[in-house]
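Chains as they are written, first to last, in our numbering: chain A, 9 to 342; chain B, 9 to 342. One structure is given here, and the rest of the page talks about it.
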DNA sequence: TGCCATTAGTAAATCGTTTTACAGAACAAT
DNA sequence: ATTGTTCTGTAAAACGATTTACTAATGGCA
């Protein structure tokens with residue numbers, strides 16, 4: 009019942025194991041007839057090269073590790089899906105781990121990933137700071153940090169969007185539409201993107217003469233809805249809300265629905281990130297749309313460049329992309 | 009710059025490599041002071057066992073492979089997230105591949121997965137039939153097939169829900185609420201779950217005196233919205249729609265929004281599966297909720313049982329779970 | 001004391017590949 | 001005929017862990 013090894017194939021084809029290896033790796037030329045014989049034998053036995061063995065001997069590993077805070081958030085899922093695609097077409101496999109947004113889990117998941125000795129690592133950390141075990145990788149393994157990173161003090165290549173500008177754009181748009189009392193529904197201000205979006209929006213609105221309030225809703229939908237709900241019950245309503253993430257936007261919608269507050273008619277809404285469900289509504293949501301495919305693509309290209317050119321000691325490079333305002337129907341002109 | 013190996017640790021700690029191995033694997037007792045010395049040395053060098061080497065030698069592989077049709081569908085993402093969790097707590101790693109709902113990709117992704125010689129495979133195929141390379145695994149590697157499988161002719165353990173009953177329940181509920189003209193918005197009738205849901209609902213409604221129509225919208229949101237849209241433009245409207253998947257439901261909502269048709273007031277709606285956004289609306293959606301966590305848990309338990317008890321030749325076992333009706337506000341009582 | 005059982009360690013074999021170092025054959029150019 | 005070069009192929013070493021088989025030391029018990 010054991011799987012056939014390269015020796016079995018070699019024996020059946022009447023050649024040495026080196027030749028079999030050469031047939032499949034293509035690193036040395038092999039006569040066509042021999043090639044056929046080897047391929048035939050492999051086929052017949054159902055031979056598949058053992059990755060562990062080949063990785064061990066060759067010291068190269070066609071694997072990249074990917075760490076995300078959460079697999080069920082479509083934003084991260086899309087990034088992974090893109091990465092998986094590109095990796096596959098480059099002959100790499102991907103191993104994925106989720107930190108479930110917990111620092112302790114993060115640390116141990118990273119260690120598990122590293123035991124694979126991956127050729128590279130693409131990581132979206134759950135907090136703004138770089139986990140110890142990743143920092144240790146400096147000069148050893150190519151690393152690209154994505155999304156939840158502060159660009160300035162990062163030791164590695166980074167791919168982010170200009171979250172401050174994203175906040176500014178939303179603030180400008182809402183102000184232009186006449187909104188002067190705006191609530192920023194943030195998730196967690198410890199996350200650099202959230203902090204920056206908040207600052208961008210806040211400063212802009214205040215500068216343009218409006219007033220801005222910030223509320224941290226956390227990353228749990230229900231809880232966020234409750235927090236916002238009781239805030240709404242005890243405060244004068246804003247004319248517009250800026251929902252900084254998928255989940256906060258859902259919290260906002262939930263709290264509003266519970267109180268029969270209508271989107272647009274009663275309170276305008278701008279969401280961050282663009283999910284399918286945001287358009288599939290009678291009042292489709294105006295959003296700051298992140299270029300998620302580009303983010304993934306950029307991260308992959310950075311990583312592959314590091315891996316293949318061995319540009320290990322070169323300066324870290326930070327790529328900053330931009331979110332774009334997509335106007336739909338959730339913002340009322342006052 | 010090379011990573012330290014077990015030899016380096018052994019040398020630094022002044023012991024043999026066997027002892028180092030024993031310290032970390034715990035397979036043989038080691039004196040406490042030696043243990044400390046070894047651990048210290050490992051720490052100092054930043055030693056991490058090379059998985060490839062240990063897998064190769066020990067012939068066991070703490071890896072399970074997971075194949076899904078799509079990573080960005082939250083349903084599959086949740087399953088993966090659950091699996092990843094359980095795997096991790098059992099000391100396994102997970103490698104994930106997506107077939108992107110294409111048969112040719114599926115085949116090659118499976119082969120890539122299998123080169124890892126995983127301890128087991130959990131697969132959600134993209135069509136109802138079992139891919140060749142999975143069929144070959146019979147008697148070799150434990151396999152659990154999930155969701156898109158026809159239970160009868162499957163060679164492997166299966167975990168599914170009773171999709172026929174799911175359709176029946178939706179049909180009964182809608183009929184009870186007085187709906188007699190129902191449109192079933194299906195995605196792709198080749199998928200066994202979809203076929204079964206459709207049949208269950210169709211037969212029930214007809215039996216209870218209503219009329220049912222079936223429309224296949226495919227798995228692209230926009231396209232589905234167009235198909236449904238032109239159908240709505242050219243046919244007498246149903247009083248209720250049963251959306252069989254996440255995406256079809258989004259297509260339905262899009263087509264309705266485009267035409268200013270109100271959910272519930274104009275056309276009632278029952279969705280299949282339960283996503284966060286379905287509740288975060290003023291008219292929250294009534295749904296058939298799949299026990300997604302249970303599905304993942306059951307699949308994992310089956311797989312682990314096969315892996316650990318080596319019950320390779322035992323009869324395949326099929327676990328059938330149930331979806332539950334969650335009543336919310338999208339269905340009008342006529 | 002003598003004998004057996006248990007414990008704690010090591011040297012060396014091993015897993016399935018890839019790679020190195022070498023060799024014979026064929027052919028071209030001198 | 002000699003030399004060099006290119007092509008194909010092989011035997012054996014190597015990768016870094018685990019496991020086997022063996023030894024030495026310790027302790028318990030008659």
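For each residue, glycine too, the CB sits at the ideal point set by N, CA and C. Predicted model, so just to flag it, every value in this text is computed and none were measured.
Simplified DSSP assignment, three categories, for residue i
| i | result |
| --- | --- |
| residue 37 of chain B | coil |
| residue 247 of chain B | coil |
| residue 275 of chain A | strand |
| residue 57 of chain A | coil |
| residue 263 of chain A | helix |
| residue 288 of chain A | coil |
| residue 201 of chain B | helix |
| residue 110 of chain A | coil |
| residue 342 of chain B | coil |
| residue 145 of chain A | coil |
| residue 310 of chain A | helix |
| residue 23 of chain A | coil |
| residue 87 of chain A | helix |
| residue 16 of chain B | helix |
Nearest to residue i (by Cα), restricted to the options the options
| i | options | result |
| --- | --- | --- |
| residue 221 of chain B | B/243, B/131, B/265, B/177 | B/243 |
| residue 56 of chain A | B/119, B/24, B/233 | B/119 |
| residue 80 of chain B | B/326, B/333, B/227 | B/227 |
| residue 332 of chain B | B/24, B/47, B/294 | B/294 |
| residue 181 of chain B | B/310, B/20, B/340 | B/340 |
| residue 328 of chain B | B/322, B/97, B/302, B/316 | B/302 |
| residue 175 of chain A | A/203, A/168, A/52, A/283 | A/203 |
| residue 165 of chain A | A/268, A/145, A/239 | A/145 |
| residue 315 of chain A | A/41, A/95, A/36, A/34 | A/95 |
| residue 52 of chain A | A/19, A/36, A/40 | A/19 |
| residue 98 of chain A | A/236, A/59, A/337, A/309 | A/309 |
| residue 292 of chain A | A/109, A/335, A/266 | A/335 |
| residue 33 of chain B | B/49, B/41, B/48, B/62 | B/62 |
| residue 177 of chain A | A/10, A/330, A/58, A/35 | A/330 |
| residue 273 of chain A | A/286, A/218, A/337 | A/337 |
| residue 47 of chain B | B/87, B/218, B/26, B/21 | B/21 |
| residue 231 of chain A | A/196, A/218, A/219 | A/196 |
Cβ-based neighbour list, residue i, same chain, cut-off 8 Å, excluding 5 preceding and 5 following
| i | result |
| --- | --- |
| residue 133 of chain B | 75, 77, 107, 114, 139, 142, 153, 156, 157 |
| residue 68 of chain B | 127 |
| residue 324 of chain A | 162, 163, 164, 165, 166 |
| residue 124 of chain B | 69, 71, 73, 103 |
Beta-carbon contacts of residue i that lie in its chain and below 6 Å, excluding the five residues immediately before and after
| i | result |
| --- | --- |
| residue 121 of chain A | 73, 105 |
| residue 6 of chain A | The question about residue 6 of chain A has no answer, for chain A in this structure spans 9 to 342. |
| residue 281 of chain B | 83, 254, 298 |
| residue 248 of chain A | 182, 187, 190, 276 |
| residue 251 of chain A | 193, 257, 260, 279 |
| residue 206 of chain A | 192, 194, 222 |
| residue 322 of chain B | none |
| residue 271 of chain A | 277, 291, 338 |
Paired residues, beta bridge with residue i - DSSP
| i | result |
| --- | --- |
| residue 75 of chain B | B/105, B/131 |
| residue 327 of chain B | B/167 |
| residue 219 of chain B | B/189 |
| residue 297 of chain B | B/332 |
| residue 153 of chain B | B/131, B/166 |
| residue 50 of chain A | None, per the DSSP bridge assignment. |
| residue 280 of chain B | B/296 |
| residue 224 of chain B | B/194 |
Nearest-angstrom Cβ-Cβ length linking residue i and residue j, presumed shorter than 8 Å
| i | j | result |
| --- | --- | --- |
| residue 171 of chain A | residue 201 of chain A | 4 Å |
| residue 296 of chain B | residue 278 of chain B | 7 Å |
| residue 183 of chain B | residue 225 of chain B | That belief does not hold up - the Cβ atoms of residue 183 of chain B and residue 225 of chain B are roughly 23 Å apart, past 8 Å. |
| residue 14 of chain A | residue 28 of chain A | 5 Å |
| residue 258 of chain A | residue 229 of chain A | 5 Å |
| residue 185 of chain B | residue 311 of chain B | With a Cβ gap of about 41 Å, residue 185 of chain B and residue 311 of chain B do not count as contacting. |
| residue 131 of chain B | residue 151 of chain B | 7 Å |
Close Cβ partners of residue i (< 7 Å) along its chain, the five nearest in sequence each way excluded
| i | result |
| --- | --- |
| residue 245 of chain B | 275 |
| residue 54 of chain B | 12 |
| residue 60 of chain B | none |
| residue 236 of chain B | 193, 223, 225, 259, 260, 263 |
| residue 283 of chain A | 82, 254 |
Cβ-heavy atom distance, residue i to the ligand GTP, below 6 Å
| i | result |
| --- | --- |
| residue 127 of chain B | Ligands displayed in this structure: none; no statement on the ligand GTP is therefore possible. |
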